[in-house]
Amino acid sequence: MSEATAQATATGVTVEQCVTHDRPTEPHLSPDGALVAFVRRPVSRSGEHWETAIWIAPTSGEAPRPFTSGMWHDRCPRWSPDGQRLAFLSDRAERGKSSIYVMPRDGGEAIRAFDQQGELDLLDWSPDGRWLSVLMVEPETDEERQRRERREDWHVWDTEEKFQRLWLVDPQTKQGQVRSPEHVHVWSYAWAPDGQRLALATTPSPKVDDLFGETSVWLITVDGEARQLFTLVGLAEDLTWSADGRFLAYRARAGRVVCGEAVYRYELATGETVCLYPAQDGTAEGLAPLAGGEALALTVVNGLTARIEQLTWTGERTLLAEPHGVVHGVVSTAAGRLAAICSDSAHLPSVWCWSLAEPGTPGQRLTAFHPEIEAGMVKGERITWESDPGVTVEGLLFRPPSAQPGQRLPLVVQIHGGPTSFWGDECAASWHDWAQALVAQGYAVLLPNPRGSTGRGSAWTNAIFDDVGGGELRDVLTGVRALVERGIADPERLGVAGWSWGGYLTAWAVTQTDQFKAAVMGAGLSNLISDNYLGDIPRANLSYFPASAADIPDAYWQRSPIRYVNQVTTPLLILHGEDDPRVAVSESIQFYRALRLRGAICQLVTYPREKHGFEERAHQRDLLERIIAWFRQYIPPDSTPGA
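Residue numbers (the working numbering): 1 to 643.
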């Protein structure tokens, strides 16, 4: 598979660059607004464990610097309320198991602040600095360890679940206590401004599928008193307190689709719920406290780009910042500043900072780790087209810089997963996002946002209910047709690809049309009935079908690619992780077997140890090289750019 790498261009992004660079994540502003702590994380790992480092970026614009060595998996940096210490999670004591560490603001030796270690997440300080809070999955018991060592390791399903609980840790004594109710699994939490209460977003079990059913928000005290506040369908995401402790804000669904697209306000005294942002003009992607909870910082995706707005507790919105492209994750605010991780199609994700004293003014980029990669990146261009009459679809188009006016190019359309996701004006250079790697090989690449995507309001996100594979496929196919009609795409060199739900739509596309000459199905669904009972989120289908597969099997079967396998003429490459809990690898195996039985051109490649997202560098590299080689074989470019 080395030929594709050898053919990578001198001017474009190479496969090796896609799988070896670092990206910042988890920004956290110091209380005085002078420093942003963040995690510098590689996009892949070559060993058994991740190696990540905490870095510090001064908001004054000075060069960022490492805060920890990067020899371990250091993550989740959180400044103490007085700004003098930085707490973080690390597995430096035992690889693969995290504990809590604290370091002085100016650096020094990391002091362990918790006498236990294991599967920890979402570290935070109480507002008064008295406690460190963290989520911890119940550790293996001595009896369980002894059974495993004796190889008495059978699994009785749904009886061995490990709950994730909220712990409060005293950093002075290094002792901690569980504070969440015993019968709930905690996904996230938020401290009240008084430092005496916390709100918890919970499900009745650790099953991921519970996120698509009825969930609960609980109120607990530091002493362990607990009461359930309310229930809802889907998780209450980004729980945020008002400064006076009167309200809780959170993201949740606006329509049938379980997706945190709208923002709600819950009043603790009365139990009244009010919608502050109904997701009519876009999709809420993040929520954070602003000015200590006096207002909210709302990240909204509208079309291909994001805006960060101030949302008041009565629902008024004003612009705070307009990033270049999209925002990755939640934002952090402190002392009149705002920090976030942002990227656009010509730049890698970076730490950005804005002054809230001048809303709407350009922000300051604080990190730029790989200028050599950005030098080869191609800027995507926004395009629109009409699908069904009156239905306008939006997408991002990449063209090789060497393309000449009027030149017809081989086109690959990559369909995003989800379907509650979107392609934005963002970095598309990774094992999962193939635009930059393909455009470097001479391909035009279309990233469409068909019906079912986020970023266009709740009606658009909910538009594929009871029409899976219908309007969304027409939106994709009309986008391809529009590029042919505009003289950009060569109708004889068309390819389609996607991962997860994009893999499903790829399989669906090649069973419904023969216009594509090559296709790549990544971790896709081929049989919606079997997928409903093999994947770990069967209730997610209730966002798109009126009932489960057992109740209306014909509806699921009608929209299953494998039902129409005899209609496939497109050469198909199928890629899948062998340990994928979201979409079982058997979804790819059965489609491959069915295709091979009828003599279709197809290849199946599975990757040991990989789940729904790939982590190992060798696997990421092989995946990209295979995709490039497959398209070069069946829809060859005119020539390798730069050759």
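Positions of the beta carbon are idealized from the N, C-alpha and C atoms, including for glycine.
query, result
"Own chain partners of Ser69 with C-beta closer than 7 Å, once the 5 adjacent residues on each side are dropped", "Ala53"
"Proximal residues to Arg451 (C-beta, below 7 Å), its chain only, five neighbours per side dropped", "Trp460, Ala463, Ile464, Gly471, Glu472 and Asp475"
"Runs of alpha helix (DSSP H) lying entirely within the segment 391–454, each at least 4 residues, in chain order", "435–439"
"Same chain, Cβ closer than 6 Å to Ala4, five either side skipped, listed in chain order", "Confidence at Ala4 is low in this model, with a pLDDT of 38, below 50, so the placement of that residue is unreliable and no value is reported for it."
"C-alpha distance - Gly234 paired with Tyr634, whole-angstrom precision", "43 Å"
"Secondary structure of Tyr250, DSSP reduced to three states", "strand"
"Inter-residue Cα distance where the pair is His370 and Leu232", "43 Å"
"Given Thr569 as reference, the closest of Trp557, Gly495 and Asp223 once Cα atoms are compared", "Gly495"
"Run of the beta strand (DSSP E) containing Trp131, from where it starts to where it stops", "Run containing Trp131: none; DSSP gives neither H nor E here."
"Range of the contiguous alpha helix (DSSP H) that encloses Phe212", "Here Phe212 belongs to no alpha helix (DSSP H), and DSSP marks it neither H nor E."
"N-terminal and C-terminal residue of the beta strand (DSSP E) that Val36 is part of", "Leu35 to Pro42"
"Same chain, Cβ closer than 7 Å to Met1, neighbours up to 5 away in sequence not counted", "With a pLDDT of 44 at Met1, under the threshold of 50, the predicted position of this residue should be treated as unreliable, and no value is reported."
"Residues sharing a beta bridge with Ile574, DSSP", "Met521 and Leu604"
"CB contact flag (Ala340, Val326, <7 Å)", "no"
"Stretch pair the segment 428–440 + the segment 390–403: three plus CB contacts closer than 8 Å", "yes"
"As assigned by DSSP and simplified to three states, the class of Asn541", "helix"
"Bridge-paired residues (DSSP) for Trp55", "Phe38 and Pro66"
"Nearest residue (CA-CA) to Ala279, options Ser500, Thr454, Arg179 and Asp210", "Thr454"
"Expected contact under 8 Å - CB spacing of Gly442 and Pro637 to nearest Å", "3 Å"
"Minimum C-alpha distance to Thr314 - residue among Glu294, Thr333 and Trp79", "Glu294"
"In DSSP terms, what Val178 is bridged to", "Trp167"
"Separation of Cys342 from Thr367, as counted between CA atoms", "11 Å"
"Other residues of its chain near Ala254: CB distance less than 7 Å, five sequence neighbours each side excluded", "Glu261, Ala262, Pro278, Ala279 and Ser458"
"Residues near Pro27 by beta carbon distance below 7 Å, same chain, minus five either side", "Val36, Phe38, Ser332, Ala339, Ala340, Ile341 and Val351"
"Nearest to Thr511 (by Cα), restricted to the options Ala489, Asn566 and Val378", "Asn566"
"N-terminal and C-terminal residue of the beta strand (DSSP E) that Ala339 is part of", "Arg337 to Asp344"
"Check whether Thr299 and Gly286 have beta carbons under 7 Å apart", "yes"
"Three-pair Cβ contact test at 8 Å for the segment 357–366 versus the segment 378–388", "no"
"Three-state class that DSSP yields for Ala643 in the structure shown", "Legend: pLDDT at Ala643 = 41, less than 50; position of this residue unreliable, no value from coordinates given."
"Classification of Gly96 by the beta-carbon crowding that lies within 10 angstroms, buried from 16 upward", "exposed"
"Same chain only: Cβ atoms within 6 Å of Arg632, ignoring 5 sequence neighbours per side", "none"
"CA-to-CA distance, Ala497 to Ser242, given in whole angstroms", "44 Å"
"Arg559 versus Tyr544 - alpha carbon distance", "12 Å"
"Exposure of His432, with buried meaning 16 or more beta-carbon neighbours within 10 Å", "buried"
"Cβ of Val605 within 7 Å of any chain C Cβ", "No chain C is part of this structure, which consists of one protein chain only."
"The segment 143–160 / the segment 75–90 touching (three or more Cβ pairs under 8 Å)", "no"
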